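Colleague: Just so you know, the sequences run in chain order A and B.
Quick note: the first sequence uses the working numbering, first residue 50, plus one each step.
Quick note: the second sequence uses the working numbering, first residue 50, plus one each step.
2 protein chains.
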Amino acid sequence: MVTRGLRPRGGKLPTLEEVAARAGVGRGTVSRVINGSPRVSAATRAAVEAAVAELGYVPNRAARALAANRADAIALVVPESETRFFAEPYFSDIVRGVGAALSDSGMQLLLTFAGGERERRRLAQYLAAHRADGVLLVSVHADDPLPELLTQLGIPTVISGRRSAAEPLLSVDSDNAEGARTAVAHLLARGRTAIATITGRLDVYGAACRLDGYRRALAEAGRAPDDSLTEIADFTEEGGRRAMRDLLDRRPDVDAVFAASDVMAAGARQTLRAAGRRVPDDVALVGFDDSAIAHHMDPPLTSVRQPIEDMGRAMAQLVLADIAARAEAAEPARRSLVLPTELVVRESS
Amino acid sequence: MVTRGLRPRGGKLPTLEEVAARAGVGRGTVSRVINGSPRVSAATRAAVEAAVAELGYVPNRAARALAANRADAIALVVPESETRFFAEPYFSDIVRGVGAALSDSGMQLLLTFAGGERERRRLAQYLAAHRADGVLLVSVHADDPLPELLTQLGIPTVISGRRSAAEPLLSVDSDNAEGARTAVAHLLARGRTAIATITGRLDVYGAACRLDGYRRALAEAGRAPDDSLTEIADFTEEGGRRAMRDLLDRRPDVDAVFAASDVMAAGARQTLRAAGRRVPDDVALVGFDDSAIAHHMDPPLTSVRQPIEDMGRAMAQLVLADIAARAEAAEPARRSLVLPTELVVRESS
DNA sequence: ATCACTTATGGGAGCGCTCCCACCGGTAGT
DNA sequence: ACTACCGGTGGGAGCGCTCCCATAAGTGAT
Chain A
50 MVTRGLRPRG
60 GKLPTLEEVA
70 ARAGVGRGTV
80 SRVINGSPRV
90 SAATRAAVEA
100 AVAELGYVPN
110 RAARALAANR
120 ADAIALVVPE
130 SETRFFAEPY
140 FSDIVRGVGA
150 ALSDSGMQLL
160 LTFAGGERER
170 RRLAQYLAAH
180 RADGVLLVSV
190 HADDPLPELL
200 TQLGIPTVIS
210 GRRSAAEPLL
220 SVDSDNAEGA
230 RTAVAHLLAR
240 GRTAIATITG
250 RLDVYGAACR
260 LDGYRRALAE
270 AGRAPDDSLT
280 EIADFTEEGG
290 RRAMRDLLDR
300 RPDVDAVFAA
310 SDVMAAGARQ
320 TLRAAGRRVP
330 DDVALVGFDD
340 SAIAHHMDPP
350 LTSVRQPIED
360 MGRAMAQLVL
370 ADIAARAEAA
380 EPARRSLVLP
390 TELVVRESS
Chain B
50 MVTRGLRPRG
60 GKLPTLEEVA
70 ARAGVGRGTV
80 SRVINGSPRV
90 SAATRAAVEA
100 AVAELGYVPN
110 RAARALAANR
120 ADAIALVVPE
130 SETRFFAEPY
140 FSDIVRGVGA
150 ALSDSGMQLL
160 LTFAGGERER
170 RRLAQYLAAH
180 RADGVLLVSV
190 HADDPLPELL
200 TQLGIPTVIS
210 GRRSAAEPLL
220 SVDSDNAEGA
230 RTAVAHLLAR
240 GRTAIATITG
250 RLDVYGAACR
260 LDGYRRALAE
270 AGRAPDDSLT
280 EIADFTEEGG
290 RRAMRDLLDR
300 RPDVDAVFAA
310 SDVMAAGARQ
320 TLRAAGRRVP
330 DDVALVGFDD
340 SAIAHHMDPP
350 LTSVRQPIED
360 MGRAMAQLVL
370 ADIAARAEAA
380 EPARRSLVLP
390 TELVVRESS
């Protein structure tokens, strides 16, 4: 195990000054080496690096933050109310992606929950008090005031999942429309003719995109749009059940369903079973998210996979780039990123 | 929204000194008020508090950390390799619990991944360099050197899931044995007679506890232990499938199975279906973890729920208590906590 | 009134860095 | 030979706090 340079709490940690003394140079020079400044001769740099290694020097984060007026930390803000509803791998995947991208940057990952008014107040204070150099916002509602506030405070912020086509914040999103289009095209290719869709709440931009993708796939196949095959739900299991019942009532001839989330697909699947419809023989079923549920449904559910971990990574990179850009008063290289989805075909279709 | 006292980046934040001037007192007095020292008169305290409110003062974390040689942060360490295998709600539940407990303490929650050698090295440095006042360890292997290292460094540490009955670290665990016992007692109460178990890797302490619980339930019912009903697996779905096949070969009369994880139960369920055994009619099935899988199996799986969020909360409280205790050179009030589980009965049993 | 103590308060020193300016010697241009 | 410049370097100042010592003011016993 890595114990070189580690010492119990009592033993004071080496400081810049001590490293400087050891290397026979000044404090400023060591600082320059540590921070990768180019204005250091090769020989000096080598000497300093040797001293750093010998002493097991690690910069004191607090001192650095105080002197440089930075935090060396990125805050990941999770609306507390949401955590329970995440399609399950979502949260850990995002976090893993963010963590991976940050680990090379020397930035810490701060986790914060924005829940009730109290946490929100605290959060606003944290951020106002320079406690994070950048903020990553996960799954915010369209009417959340937080993004606005962060913009006003001038804190670099990246949001996952655009709130509209004209998202003002830096953003990372998956290609919801294209994912949906691919899923429906797949059903068409399987020879299905009466393809219905169960949507999420349409005031959620991603849900609207998925509906668009569904329509586009049908249009590309020359099918006229048919509203009796579209059922609006709310991303919940119960919503999926109810939507499927309505669909079955209205269009008993339905032979395929594209649900805008796996959870709703699970609900729909229950209704189908209750109605004696076999999956995929009578009705093919496709979901969205490729969550754990999809794997374990019976039959396993065909679903659209979003590259969640990649999205996390991209968010971190975007915020880092924005911080760097602002440091030189430049515009960020890119304002948004849309990552491709992937259709995972299983037995349900 | 809470904007009082929030100002854009440019506008400097008020400092202690400014608050002091405003309140007509000295710097030290303001510091005392902020830190809740009792050695301040009521009148002075009120004046300072008013000034704080008017100026929207928030202490500068970095300055505080530097001066007091603390970090005001707790690190949650997640072995990267593990994240994928978490029974899914696990990770987000732990994090939510920890976050809730920490939010009142003024401590930040730092998320760190201990993955390959590189991250591990970095992590050790972080911690050695005083970047966290306490560490929360989640799902570490029995042979992980990290707990040892933290003990040497003298950093307050709490582990989730004891590694043995004699866990030296502060720990929080769920009552694995009792959970298993309850599950098996439930199967006995349902009139099952040939109750098998599929275990996890027995070098994992929790898995061993669950096996103990299984045996204890049978013993309490006066059943002789029968090794032909115990199959050792490894917490994976494939392991569950294989174990169930072996069980069916060896004991075709089996009429109930207690699997030490939902994932293994899911594997077992597949084998049972392939073998034409109905659940629960022919074979009753019970899992452990009450993960998303359990909800969505067909039929829904009876499972033992662990209070994951409570465990997260308890871990945070334990580490906070330990930090406080060490500050006055005392022993922590409690070294370990074992939280009760709950049997969630569904259609599979 | 005097002393011994307690309580409340002010402010110096210093935490370990970064920033920046002054300075050094060498090189090139005139 | 003189000036101008430039890469390389040292070290002072200061970031905003906590800690602690000195001091002032108040209290009760002698």
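No residue lacks a Cβ here, since even glycine has one placed at the ideal position from N, Cα and C.
If you're wondering where the values come from, they're calculated on a predicted model, not measured in any experiment.
1) So, are the CB atoms of A:Ile-247 and A:Leu-296 less than 9 Å apart?
2) Using a Cβ cut-off of 7 Å, pull out every chain A residue sitting near B:Gln-174, in sequence order please.
3) If we call anything under 9 Å between Cβ atoms a contact, is A:Ser-340 one with A:Pro-138?
4) Please determine if the region 373–384 of chain A and the region 377–386 of chain B are in contact, where contact requires at least 3 C-beta pairs separated by less than 8 Å.
5) A:Leu-176 and A:Ala-95 look like a contact to me (Cβ under 8 Å); what is the Cβ gap, rounded to whole Å?
6) At 7 Å on the CB atoms, spell out the chain B contacts of A:His-345, in chain order.
7) Using a cut-off of 9 Å between C-beta atoms, extract the partners of A:Leu-160 located in chain B.
8) So what's A:Thr-52 in DSSP terms, helix, strand or just coil?
9) First and last residue of the beta strand (DSSP E) that includes B:Arg-354?
10) Output needed for A:Leu-397: all residues of its chain with C-beta closer than 6 Å, excluding positions within five of it in sequence on either side, in chain order.
11) Determine the chain B residues that contact A:Arg-291 at a beta-carbon separation under 9 Å, and present them in chain order.
12) Put B:Phe-140 into one of helix, strand or coil per three-state DSSP.
13) Applying the criterion that 16 or more other CB atoms from any shown protein chain within 10 Å of the CB defines a buried residue, is B:Val-394 buried or exposed?
14) By alpha-carbon positions, which one of A:Ala-370, A:Ala-376, A:Arg-362 ends up nearest to A:Gly-146?
15) If contact means a Cβ-Cβ distance below 8 Å, which residues of the region 373–386 of chain B contact chain A?
16) Determine the chain B residues that contact A:Glu-396 at a beta-carbon separation under 9 Å, and present them in chain order.
17) Does the beta carbon of B:Ala-120 come closer than 9 Å to any beta carbon on chain A?
18) Looking at A:Val-127 and A:Leu-151, is the spacing between their C-beta atoms short of 9 Å?
19) When the Cα of A:Val-399 is compared with those of A:Gly-288, A:Arg-88, A:Val-79, A:Ala-365, which residue comes out closest?
20) How far does the beta strand (DSSP E) with A:Ser-209 in it reach, from first residue to last?
21) My assumption, with CB atoms under 8 Å, is that A:Thr-390 sits in contact with A:Asp-224. Please give the rounded CB distance.
22) Do three or more CB pairs link the region 357–371 of chain A to the region 59–75 of chain B at distances below 8 Å?
23) Quick one: is A:His-179 near chain B, going by C-beta distance under 9 Å?
24) Can you check whether the CB of B:Ala-191 is closer than 9 Å to the CB of B:Val-253?
25) Is B:Glu-287 near B:Gly-262, with beta carbons less than 9 Å apart?
26) Note down, in chain order, each residue of its chain lying with its Cβ closer than 8 Å to the Cβ of B:Asn-109, except the 5 sequence neighbours on either side.
27) Should B:Leu-392 be flagged as near chain A, meaning a C-beta pair shorter than 9 Å?
28) Since A:Leu-278 and A:Ala-243 should fall inside the 8 Å C-beta cutoff, what is the C-beta to C-beta distance between them, to a whole number of angstroms?
29) B:Ala-69: buried (16+ other C-beta within 10 angstroms of its C-beta) or exposed?
30) Quick one: Cα of A:Ala-314 to Cα of A:Phe-140, how far?
31) Counting only C-beta atoms, is A:Glu-129 closer than 9 Å to chain B at any point?
32) Once you ignore the five residues that flank B:Val-221 on each side, which residues in its own chain have a CB closer than 6 Å to its CB?
33) With DSSP run on the structure shown, which of helix, strand or coil describes B:Gly-336?
34) Whose C-beta lies closer than 6 Å to the C-beta of A:Ala-72 among residues of the same chain, with five residues either side of it excluded?
35) Is B:Leu-219 close to chain A? Criterion is C-beta to C-beta, closer than 9 Å.
36) With 16 as the cutoff for other CB atoms within 10 Å, does B:Asp-486 come out buried or exposed?
Modeller: With the structure as the only source:
1) Translated into positions along the first sequence, residue 247 of chain A becomes position 198. Translated into positions along the first sequence, residue 296 of chain A becomes position 247. Yes. Within cutoff.
2) Against the second sequence, residue 174 of chain B aligns to sequence position 125. Those are Val-107, listed as they occur along chain A.
3) For this step, residue 340 of chain A is matched to residue 291 along the first sequence. For this step, residue 138 of chain A is matched to residue 89 along the first sequence. Yes, Cβ-Cβ distance for A:Ser-340 and A:Pro-138 is below 9 Å.
4) no
5) As a working mapping, residue 176 of chain A is identified with position 127 in the first sequence. As a working mapping, residue 95 of chain A is identified with position 46 in the first sequence. That belief does not hold up - the Cβ atoms of A:Leu-176 and A:Ala-95 are roughly 41 Å apart, past 8 Å.
6) Residue 345 of chain A sits at position 296 when you count from the first residue of the first sequence. Per Cβ cutoff of 7 Å: Ala-315, Ile-342, His-345, Met-346.
7) The residue you call residue 160 of chain A lines up with position 111 of the first sequence. Going along chain B in sequence order, the residues near A:Leu-160 (Cβ under 9 Å) are Leu-125, Val-144, Val-147, Gly-148, Gln-157, Leu-158, Leu-159, Leu-160.
8) Translated into the one-based positions of the first sequence, residue 52 of chain A becomes position 3. For A:Thr-52, the pLDDT reaches just 41, beneath the cut-off of 50, and the residue's location in the model is therefore unreliable, although a value from the coordinates is still provided. Reduced to three states, the DSSP call for A:Thr-52 is coil.
9) Counted from its first residue, the second sequence places residue 354 of chain B at position 305. Per DSSP, B:Arg-354 belongs to the beta strand (DSSP E) from 351–354.
10) Mapped onto the first sequence, residue 397 of chain A falls at position 348. Looking at the sequence itself, residue 397 of chain A is Ser, so the reference to Leu does not match. Taken in chain order, the residues that qualify are Val-328, Pro-329, Leu-334, Pro-348, Leu-350, Thr-351.
11) As a position in the first sequence, residue 291 of chain A is number 242, starting the count at 1. Going along chain B, no residue has its Cβ under 9 Å from A:Arg-291, so there is no contact; the nearest lies around 18 Å.
12) Counting from one through the second sequence, the residue named residue 140 of chain B turns up at place 91. Helix at B:Phe-140.
13) In the second sequence, residue 394 of chain B corresponds to position 345, counting from 1. Classification for B:Val-394: exposed.
14) In the first sequence, counting from the first residue as 1, residue 146 of chain A sits at position 97. Of the listed residues, the one whose Cα sits closest to A:Gly-146 is A:Arg-362.
15) none
16) Here the question's residue 396 of chain A lines up with position 347 in the first sequence. By Cβ distance, chain B contributes nothing, its closest Cβ being about 12 Å from A:Glu-396, past 9 Å.
17) Locating residue 120 of chain B in the second sequence gives position 71, where the first residue counts as 1. Output row for B:Ala-120: interface = yes.
18) Taking the first residue of the first sequence as position 1, residue 151 of chain A is located at position 102. Taking the first residue of the first sequence as position 1, residue 127 of chain A is located at position 78. No, they are not a contact pair.
19) Lying before the first or after the last residue shown, residue 399 of chain A is absent from chain A, which here runs from 50 to 398.
20) For the purposes of this step, residue 209 of chain A is taken as the residue at position 160 of the first sequence. Start and end: 206–209.
21) Looking up residue 390 of chain A in the first sequence gives position 341. Looking up residue 224 of chain A in the first sequence gives position 175. That belief holds up - the Cβ atoms of A:Thr-390 and A:Asp-224 are roughly 6 Å apart, short of 8 Å.
22) no
23) Residue mapping note: residue 179 of chain A aligns to position 130 of the first sequence, counting from 1. Closer than 9 Å: yes.
24) Position 204 of the second sequence, counting from 1, holds the residue named residue 253 of chain B. Position 142 of the second sequence, counting from 1, holds the residue named residue 191 of chain B. Contact flag set, yes.
25) Translated into the one-based positions of the second sequence, residue 287 of chain B becomes position 238. Translated into the one-based positions of the second sequence, residue 262 of chain B becomes position 213. The answer is no: Cβ separation not under 9 Å.
26) If you number the second sequence from 1, residue 109 of chain B lands on position 60. Hits under 8 Å: Leu-62, Thr-64.
27) Residue mapping note: residue 392 of chain B aligns to position 343 of the second sequence, counting from 1. For B:Leu-392, the answer is no, since every Cβ of chain A falls outside 9 Å of its Cβ.
28) In the first sequence, counting from the first residue as 1, residue 278 of chain A sits at position 229. In the first sequence, counting from the first residue as 1, residue 243 of chain A sits at position 194. Right, the Cβ-Cβ distance comes to about 7 Å (below 8 Å), so this counts as a contact.
29) Position 20 of the second sequence, counted from the first residue, corresponds to residue 69 of chain B. Under this definition B:Ala-69 is a buried residue.
30) The residue given as residue 314 of chain A occupies position 265 in the first sequence. The residue given as residue 140 of chain A occupies position 91 in the first sequence. Distance between the alpha carbons of A:Ala-314 and A:Phe-140 is about 20 Å.
31) Residue 129 of chain A sits at position 80 when you count from the first residue of the first sequence. Yes, its Cβ sits closer than 9 Å to a Cβ of chain B.
32) On the second sequence, position 172 is the one that residue 221 of chain B refers to. So the list reads Ser-209, Met-360, Ala-363, Met-364, Leu-386, once near-sequence residues are dropped.
33) For the purposes of this step, residue 336 of chain B is taken as the residue at position 287 of the second sequence. Note: B:Gly-336 maps to strand in three-state DSSP.
34) As a position in the first sequence, residue 72 of chain A is number 23, starting the count at 1. So the qualifying residues of the chain are Ala-96, Val-97, Ala-100.
35) Translated into positions along the second sequence, residue 219 of chain B becomes position 170. Judged by the 9 Å Cβ criterion, B:Leu-219 is not in contact with chain A.
36) This structure leaves residue 486 of chain B out entirely; chain B is present only between 50 and 398.
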